[in-house]
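These notes concern the structure reproduced below.
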Amino acid sequence: MARLRVRFQSMRVDEPELAAEMNPVLRRVHRKLTGIITRVAKRNAPFRTGRLKASIEPDAEHVEGMRATGGVSANTPYAIYLEKGTRPHIIRPTGDKKALAFDWERGGGRRLFRSVHHPGTRPRPFMMRSAEEGAAMDDDIQHD
Numbered sequence: 021m022a023r024l025r026v027r028f029q030s031m032r033v034d035e036p037e038l039a040a041e042m043n044p045v046l047r048r049v050h051r052k053l054t055g056i057i058t059r060v061a062k063r064n065a066p067f068r069t070g071r072l073k074a075s076i077e078p079d080a081e082h083v084e085g086m087r088a089t090g091g092v093s094a095n096t097p098y099a100i101y102l103e104k105g106t107r108p109h110i111i112r113p114t115g116d117k118k119a120l121a122f123d124w125e126r127g128g129g130r131r132l133f134r135s136v137h138h139p140g141t142r143p144r145p146f147m148m149r150s151a152e153e154g155a156a157m158d159d160d161i162q163h164d
């Protein structure tokens, strides 16, 4: 039986040249992936007013050498509290206010409180789920 064996001791790669060739590929894959994740995140975002959904957008990409970085952000002050949840906490008036005012539509009118005990909120990790779902939809991403 004939046998052919090829063995490499070392291989030289011109990294700057390879990086220059890979740069447009990395940019294309990065834009495609962040576009997918942005669409999925907008679909998965909890909806009340639409502000959160409207705030979701891709971050600026940065490609250097053989590495691309960037992401997708939800740009509202409350997005992190939806994503991660909150622990139980006490809400007190801010500034020079002495009370919190709550209006009940049915049978209560306006009620004033010095503080309220908030029970906390469960996490709703829509961004993390969207990143995982988006990456799974992209054929250019290798999955383990």
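Following my numbering, the residues of the sequence shown are numbered contiguously, the last one being 164. Note that beta-carbon positions come from the ideal geometry of N, C-alpha and C, so glycine has one too.
The C-alpha of R112 lies about 11 angstroms from the C-alpha of A121. Under the three-state reduction of DSSP, P108 is assigned to coil, being neither helix nor strand. Looking from the CA of R68, the closest CA among L132, E153, A99 and A155 belongs to A99. For the 9 angstroms CB-CB criterion, N95 and R149 do not form a contact.
V92 is the residue among E152, G115 and V92 whose C-alpha sits nearest the C-alpha of D79.
In the three-state DSSP reduction, P145 falls in the coil class, being neither helix nor strand. Take E103, set aside five residues on each side of it, and the residues of its chain with a beta-carbon closer than 6 angstroms to its own are P145 and M147, in chain order. Distance check between L38 and each of A151, G85 and K118 places G85 closest, using alpha-carbon atoms only. In the three-state reduction of the DSSP assignment, G55 falls in the helix class, which pools H, G and I. At a Cβ-Cβ threshold of 9 angstroms, H50 and G105 do not count as neighbours.
A check of alpha carbon separations from D123 across E41, K52, P36 and L132 identifies L132 as the nearest. Contact between A61 and I76 holds, since their C-beta atoms are separated by about 5 angstroms, short of 8 angstroms.
Beyond the five residues adjoining it in sequence on each side, P139 comes within less than 6 angstroms, by CB distance, of P108 in the same chain, given in chain order. Nearest to H137 by C-alpha distance, out of A74, G154 and I110, is I110.
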